[in-house]
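Last residue of the sequence shown? That's 1753 in the working numbering, and every number before it is there in order. C-beta: ideal position from N, C-alpha, C; glycine also. None of the values given here were measured: they were computed from a predicted structure. Each remark here refers to the structure printed beneath this line.
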Amino acid sequence: MGEAGFSFTSPTVQAAGRKGALGRSLCTVSPDDAEAWVWLAYDQLNAAFLESLNLNNIGVVLIESSSKATRRPYHQQKLGVLLANQRHFALEIQSQGIPVLYLLSTSNYSAVLSEVSQACGSVHCFHHAERELRKDVETHLQSGALVEHEHPGWLTPQSWFLESVGAEPPFRMDAFYRKVRQQTGWMMENGKPVGGKYSYDAENRFPWKGEPDAPVAPVYETDDIDREVEALVRSHYGEHPGSVDLSAQPTSAKQIDEALQFALDCLPNFVTYEDAMSEKSRGLFHSRLATL
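In structure tokens, the structure reads:
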């Protein structure tokens, strides 16, 4: 990839070429390595997002901001999962031939994106789910430094929620669930819910008395990227609550597939023991997919 590379001021550096597992694994890139650069936020790490764009020769911008990480006392495990997933995602899409500009910065997203846009013109992005992030980059959207696209990850439009639940509390989610099923046909037959009822909550509240056996929570193999992130979290965010252990959470595409299979294996018994609690099992038949 390009030799000239990007040039940034001191608070921001390319991860490529730096010491450590991530730096050794990333290629240095230049503005000319892509016709269009797309910034994916930490909660948008899905290559399918890129397929929704009518753009050629796409490069991806990923930003690791310590300013964001220290904005609140985020749990160390949360920081570790986010950082490790983003770093693995960078290497996964790079292996597919997509140029990746991975930036490490003590600045906020707005300041980093300002420099990126100065180097390569307008940067594409997707509408952000997090209000705080939308506010951070609002001025760039107004100036054209960022070109926003519709978020392709939602299964339902916001209008369905407003039509079924409204914009003011109390928010009754059962009305929204019914709306979704009616609009999509999920678990519906001839316009009616499968089995004749929308809710079977009364049949989901059995106590678990030890049978069937509760599954053992999955343990994931950690690699150099994971261990580097764990060390980073402990050294830079050690004052944050909790501790980090990335063997307890999936951090790569392969491990996410493993996590999904675990969830599917739990599903038959989850229905019956959805609300059960036990001192013998912390998670019982729950999916453990919440972090994804």
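Cβ neighbours of residue i in the same chain (closer than 8 Å, five flanking residues each side left out)
{"i": "Gly1646", "result": "none"}
{"i": "Tyr1698", "result": "Ala1530, Thr1531, Tyr1535, Gln1537, Leu1540"}
{"i": "Leu1753", "result": "Pro1711, Ile1717, Ala1720"}
{"i": "Gly1478", "result": "Gly1484, Leu1487, Thr1489"}
{"i": "Gly1657", "result": "none"}
{"i": "Thr1470", "result": "Glu1576"}
Cβ distance (whole Å) where residue i is taken to contact residue j below 8 Å
{"i": "Pro1472", "j": "Thr1567", "result": "5 Å"}
{"i": "Trp1498", "j": "Val1577", "result": "7 Å"}
{"i": "Glu1525", "j": "Leu1565", "result": "5 Å"}
{"i": "Thr1712", "j": "His1610", "result": "Incorrect: roughly 27 Å between the Cβ atoms, too far for contact."}
{"i": "His1589", "j": "Arg1595", "result": "5 Å"}
{"i": "Arg1633", "j": "Val1641", "result": "Contact flag wrong, Cβ pair sits at about 14 Å."}
6 Å CB neighbourhood of residue i in its chain, flanking five on each side removed
{"i": "Glu1496", "result": "Asn1517, Asn1518"}
{"i": "Glu1464", "result": "Low confidence applies here, because Glu1464 scores a pLDDT of 42, under 50, leaving its location unreliable; read the following figure in that light. Taken in chain order, the list of residues that qualify is empty."}
{"i": "Val1474", "result": "Leu1565"}
{"i": "Tyr1503", "result": "Leu1543, Gln1547"}
{"i": "Val1680", "result": "Ser1708"}
{"i": "Ser1527", "result": "Thr1567"}
{"i": "Thr1683", "result": "Leu1707, Ser1708"}
Distance between residue j and residue i (C-alpha atoms, nearest Å)
{"i": "Met1462", "j": "Ala1720", "result": "Confidence in Met1462 is poor, its pLDDT being 48 and thus under 50, which makes the residue's placement unreliable; the coordinate value appears in the next sentence. If you take the alpha carbons of Met1462 and Ala1720, they lie about 34 Å apart."}
{"i": "Leu1562", "j": "Glu1629", "result": "42 Å"}
{"i": "Asp1597", "j": "Glu1591", "result": "10 Å"}
{"i": "Glu1553", "j": "Asp1493", "result": "21 Å"}
{"i": "Thr1733", "j": "Gln1722", "result": "19 Å"}
{"i": "Ser1696", "j": "Gln1537", "result": "11 Å"}
{"i": "Met1649", "j": "Val1655", "result": "5 Å"}
{"i": "Glu1766", "j": "Asp1674", "result": "Outside the displayed span of the chain (1462 to 1753) sits residue 1766, for which this structure offers no information."}
{"i": "Ala1724", "j": "Arg1688", "result": "25 Å"}
{"i": "Phe1637", "j": "His1747", "result": "22 Å"}
{"i": "Ala1580", "j": "His1612", "result": "25 Å"}
{"i": "Arg1485", "j": "Phe1510", "result": "27 Å"}
{"i": "Leu1523", "j": "Gly1481", "result": "18 Å"}
{"i": "Glu1664", "j": "Ala1737", "result": "12 Å"}
{"i": "Arg1410", "j": "Asp1685", "result": "Since the first residue of the chain shown is 1462 and the last is 1753, residue 1410 is not available in this structure."}
{"i": "Ser1513", "j": "Gly1671", "result": "47 Å"}
{"i": "Leu1501", "j": "Ala1606", "result": "15 Å"}
{"i": "Ile1559", "j": "Ala1551", "result": "9 Å"}
{"i": "Tyr1659", "j": "Leu1616", "result": "19 Å"}
{"i": "Leu1555", "j": "Asp1662", "result": "Inspection of the sequence shows that residue 1555 is occupied by Gln rather than by Leu. About 45 Å."}
{"i": "Phe1587", "j": "Pro1631", "result": "30 Å"}
{"i": "His1585", "j": "Gly1520", "result": "10 Å"}
{"i": "Glu1735", "j": "Asp1726", "result": "14 Å"}
{"i": "Gly1703", "j": "Ala1545", "result": "17 Å"}
{"i": "Glu1700", "j": "Arg1533", "result": "11 Å"}
{"i": "Ser1468", "j": "Asn1515", "result": "28 Å"}
{"i": "Ala1476", "j": "Gln1619", "result": "37 Å"}
{"i": "Glu1624", "j": "Arg1639", "result": "11 Å"}
{"i": "Ser1604", "j": "Gln1505", "result": "23 Å"}
Chain-order list of residues whose beta-carbon lies under 7 Å from that of residue i (same chain, five-residue window excluded)
{"i": "Gly1541", "result": "Val1690, Glu1691, Val1694, Val1705, Leu1707"}
{"i": "Glu1678", "result": "Looking at the sequence provided, one finds Ala at residue 1678 rather than Glu. Within the same chain, Ala1678 has close Cβ partners Gly1744, Arg1749."}
{"i": "Gln1832", "result": "The question about residue 1832 has no answer, for the chain in this structure spans 1462 to 1753."}
{"i": "Pro1668", "result": "Ala1737"}
{"i": "Asn1507", "result": "Gly1614"}
{"i": "Asp1635", "result": "Ser1660"}
Contact with chain D by residue i, beta-carbon distance below 8 Å
{"i": "Gly1520", "result": "In the structure shown, chain D does not exist; there is a single protein chain."}
Exercise. Specify whether the stretch 1573-1593 and the stretch 1735-1751 touch according to this definition: at least 3 beta carbon pairs, one from each stretch, less than 8 Å apart.
Key: At 8 Å Cβ cutoff, the stretches do not touch.
Quiz item: What runs of the alpha helix (DSSP H), each 4 residues or longer, lie entirely inside the stretch 1552-1602?
Solution: Segments of the alpha helix (DSSP H) lying fully in the stretch 1552-1602: 1570-1581, 1592-1597.
Self-check item: Entirely enclosed beta strand (DSSP E) segments - the stretch 1602-1645, minimum 3 residues
Solution: Listed in chain order, the complete beta strand (DSSP E) runs (minimum 3 residues) inside the stretch 1602-1645 are 1607-1610.
Quiz item: Residue ranges of each alpha helix (DSSP H) run of no fewer than 4 residues wholly in the stretch 1467-1545, ordered along the chain?
Solution: Uninterrupted alpha helix (DSSP H) stretches at least 4 residues long and entirely within the stretch 1467-1545 occur at 1482-1486, 1509-1512, 1527-1530, given in chain order.
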